[in-house]
Amino acid sequence: MKLTDTIAAVSTPRGKGGVALIRISGAEALAVAARVFSPLRGTPLTRDDHAKAVYGSILDTAAPKREPLDDGIATVFLSPRSFTGEDTVEISCHGGVLITERVLASVLCAGARHAEAGEFTRRAFLGGKLDLSEATALGDLLEAQNDNQLKLARSGMKGLLTDRSSLLYARLRSLLASLYAKIDFPDEDLAEMTPEQMRRTVSEVLCDTQALAATYRTGRAVNEGIKTVICGRPNVGKSSVYNRLAGYDAAIVTDIEGTTRDVLKETVSLGRVTLCLCDTAGLRRTADTVESIGIARARAEMAAAELILAVFDGSAEPTDEDNETLHMLSLQDAAVVVLINKADKAEGGMPALVRSHFPDALTVSAKSGEGFEALSERVDALFTDPSVSLGTDPIVANARQYAALVRTAEALTQVLDAMDNGLSQDLYCVDVELAMSALSELEGRQIGEEIVSEIFSKFCVGK
Ligand code: GDP
């Protein structure tokens, strides 16, 4: 991928719409646009059109006579005051599939190259318009499926995380300067920090790094989601619980046992947590081949889940199978939240048995919605940290950022150990540098080309 030529792509989704937008970016953007776009005012686009929307005809530069293809609006943004930091022209035309393709073809014919996936954002990153965490948050914003994910992405785009990591980086930089001053000029008093101040700096930065890394618990629950399985015997109300969480009738609810034979999946938000939810076939002994395959799949899903919502029918009398299920639940690695369903009906013997195994089981009714607030609070408490506020706190939202912070903390722990054991300063300078290098990965200052490519490849063409 050359990063100096002028690129173009359709930045709106493919399909019929009111308008479509073709974005052109690079040193030749204005020249390319001037070939394609003929302003109604009679004079071509110039640098004086910065931040102006100009109405005119879009010409077919692929045709010999450059016939008009459509009417539209061109908006010019000159470097560095554009999204990419390069000269950019955005042409809006009518949003038909064919007309949009023709306008793009005309722009390409006029001298632009078709952009690759994520190339506009990658140029914005390389041009210093946004750092890597901001670019990643922008990707998350485009992918967001619920309000919490939107909030998290917005906080990432505001640069809250990189503001915090830059601050820590700056503290380590002054520490390193003092360390080198002491090593290189031991007889002169050039170091700004005393050994006590150095130790305190390392210990404070370590503490802040660990606190930042700990926000990943919340960030992951919101952004990546928690793999959740709903399990229980047939007819206890698993599909009804699933539908209540999904907010619509996604699963079939009947009183015929064994209706859910396969695994249904849905992403829903509960409290602040995003659940990647599975409804599974009811667990029971059966001779039905299709149903037993479903039950085997249900067990496999349970083995991979992080959260199991185990549903029991509170109006029923317990059987041996319920005893077995409760025993099996107590052996799971995943977090288990037990729901005693059908609270709107007269209570049977089931709640007493369930509570003897799980005293903190929640009483709910999938029919009336009773108890779901308590379920939401329980799940929040299991997977998020109440002191972390989405939207206003810096939050680690992906595994790459988390791994960088863990490496920073490891290196700083080494430094602290070395200081406490009275080792010579040149022995731990390298660990301070390691910590700085890991920390700077959040902004993408020293990150490898492969990782940058991987991040931007997740964007669509035109972004
Ligand atoms: P599944 O087989 O475990 O998925 O159970 P379903 O969700 O299909 O429900 C089985 C039956 O129980 C249906 O007739 C539901 O209408 C009924 N049901 C589910 N939840 C409740 C509830 O909270 N209260 C009452 N009264 N009935 C429920």
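The opening position of the sequence shown corresponds to residue -15 in my numbering, with each subsequent residue numbered one higher. Don't be surprised by glycine CBs; every beta carbon is placed ideally from N, CA and C.
Which value, in whole angstroms, describes the spacing of the CA atoms of Ala99 and Asn219?
If you take the alpha carbons of Ala99 and Asn219, they lie about 53 Å apart.
Go through the segment 350 to 393 residue by residue and report every complete run of the alpha helix (DSSP H) that reaches 4 residues or more, in order.
Qualifying alpha helix (DSSP H) stretches, in chain order: 356 to 367.
What number of angstroms, rounded off, separates the C-alpha of Leu29 from the C-alpha of Cys444?
For Leu29 and Cys444, the distance between alpha carbons rounds to 29 Å.
Specify the secondary structure class of Phe104 as computed by DSSP and reduced to three states.
In this structure, Phe104 counts as helix in the three-state DSSP scheme.
When you compare only the Cα positions, how much space is there between Met420 and Ala37?
The straight-line gap from Cα to Cα measures roughly 44 Å.
Rounded to the nearest angstrom, what separates Thr303 and Met312 at their Cα positions?
Rounded to the nearest angstrom, the two C-alpha atoms are 15 Å apart.
Decide if Cys191 is buried, meaning its Cβ has at least 16 other Cβ atoms within 10 Å, or exposed.
So Cys191 counts as exposed.
Would you identify the three-state DSSP class for Lys49, choosing helix, strand or coil?
Of the three classes helix, strand and coil, the one that applies to Lys49 here is coil, per DSSP.
DSSP on Gly1, reduced to helix/strand/coil?
Here Gly1 sits in strand by DSSP.
Which residues does DSSP list as the beta-bridge partners of Pro23?
According to DSSP, Pro23 bridges with Gly40.
May I have a chain-ordered list of the alpha helix (DSSP H) segments no shorter than 4 residues that lie completely inside the segment 277 to 337?
304 to 314, all fully within the segment 277 to 337.
Quick one: is Ala18 buried, meaning 16 or more other Cβ sit within 10 Å of its Cβ, or exposed?
Result: buried.
Along the chain, where does the alpha helix (DSSP H) containing Glu180 start, and where does it finish?
Pro179 to Ala198 is the extent of the alpha helix (DSSP H) around Glu180.
In the DSSP assignment, find the unbroken alpha helix (DSSP H) run with Ser117 in it and report its ends.
Start and end: Leu116 to Glu127.
By DSSP, does Gly56 sit in helix, in strand, or in coil?
Looking at Gly56 - three-state DSSP - the assignment turns out to be strand.
What I want to know is whether the C-beta of Val220 ends up closer than 7 Å to one or more non-hydrogen atoms of the ligand GDP.
Yes - the ligand GDP has a heavy atom lying nearer than 7 Å to the Cβ of Val220.
Is Arg245 helix, strand or coil by DSSP?
No answer about Arg245 holds up, because its pLDDT of 48 lies below 50 and its placement is not dependable.
Exposed or buried, which one is Asn405 when buried takes at least 16 other CB atoms within 10 Å?
Exposed, since its Cβ has fewer than 16 Cβ neighbours within 10 Å.
Please state whether the Cβ-Cβ distance between Val73 and Ile8 is less than 8 Å.
Their beta carbons are under 8 Å apart, which means Val73 touches Ile8 by this criterion.
So Thr105 and Leu122 are supposed to be a Cβ contact under 8 Å. How far apart are they, rounded?
Indeed, because the Cβ distance is near 6 Å, the residues count as touching under 8 Å.
Taking DSSP as the reference, what is the three-state secondary structure of Gly428?
Coil, per DSSP.
Between the alpha carbons of Ala282 and Thr199, how many angstroms are there, rounded?
When rounded, the distance between both Cα atoms is 32 Å.
Taking 8 Å as the cut-off, does the segment 226 to 233 touch the segment 177 to 187 (at least 3 CB pairs, one atom from each stretch)?
No, the segment 177 to 187 does not touch the segment 226 to 233.
To the nearest angstrom, how far is the alpha carbon of Ser117 from that of Arg256?
Cα to Cα, Ser117 sits roughly 22 Å from Arg256.
Does the ligand GDP have a heavy atom nearer than 7 Å to the CB of Lys329?
Flag set: Cβ of Lys329 near the ligand GDP.
Since Thr212 and Leu156 should fall inside the 8 Å C-beta cutoff, what is the C-beta to C-beta distance between them, to a whole number of angstroms?
So it is not a contact: roughly 40 Å between Cβ atoms.
In terms of residue numbering, what span does the beta strand (DSSP E) encompassing Val213 cover?
Val213 -> beta strand (DSSP E) spans Ile210 to Gly216.
Express the C-alpha separation of Ser373 and Gly216 in angstroms, rounding to a whole number.
When rounded, the distance between both Cα atoms is 34 Å.
Give every residue of the same chain whose Cβ lies closer than 6 Å to the Cβ of Arg97, excluding the five residues on either side of it in the sequence, and list them in chain order.
Excluding positions up to five away in sequence, the list reads Asp(-11) and Ile(-9).
Is there at least one non-hydrogen atom of the ligand GDP closer than 7 Å to the beta-carbon of Lys36?
False, no ligand heavy atom lies under 7 Å from that Cβ.
Buried or exposed for Phe169, going by 16 or more other Cβ atoms inside 10 Å?
Exposed, since its Cβ has fewer than 16 Cβ neighbours within 10 Å.
Let's test the definition: count the other Cβ atoms within 10 Å of the Cβ of Gly209 and tell me whether it reaches 16, buried, or not, exposed.
By the 10 Å Cβ count, Gly209 comes out buried.
Give the single residue among Ala(-7), Ala119 and Val390 whose Cα lies nearest to the Cα of Ala195.
Per the Cα distances, Val390.
Leaving out five residues before and five after Asp63 in sequence, what residues of the same chain have Cβ atoms less than 7 Å from its Cβ?
Correcting the residue type first, residue 63 is Ser in the shown sequence and not Asp. Cβ within range, chain order: Gly69, Glu70 and Asp71.
Would you grab the beta carbon distance between Ser299 and Gly353 for me? Rounded to a whole angstrom, and I think it's under 8 Å.
Between Gly353 and Ser299 the Cβ distance is about 17 Å, and since that is not below 8 Å, they are no contact.
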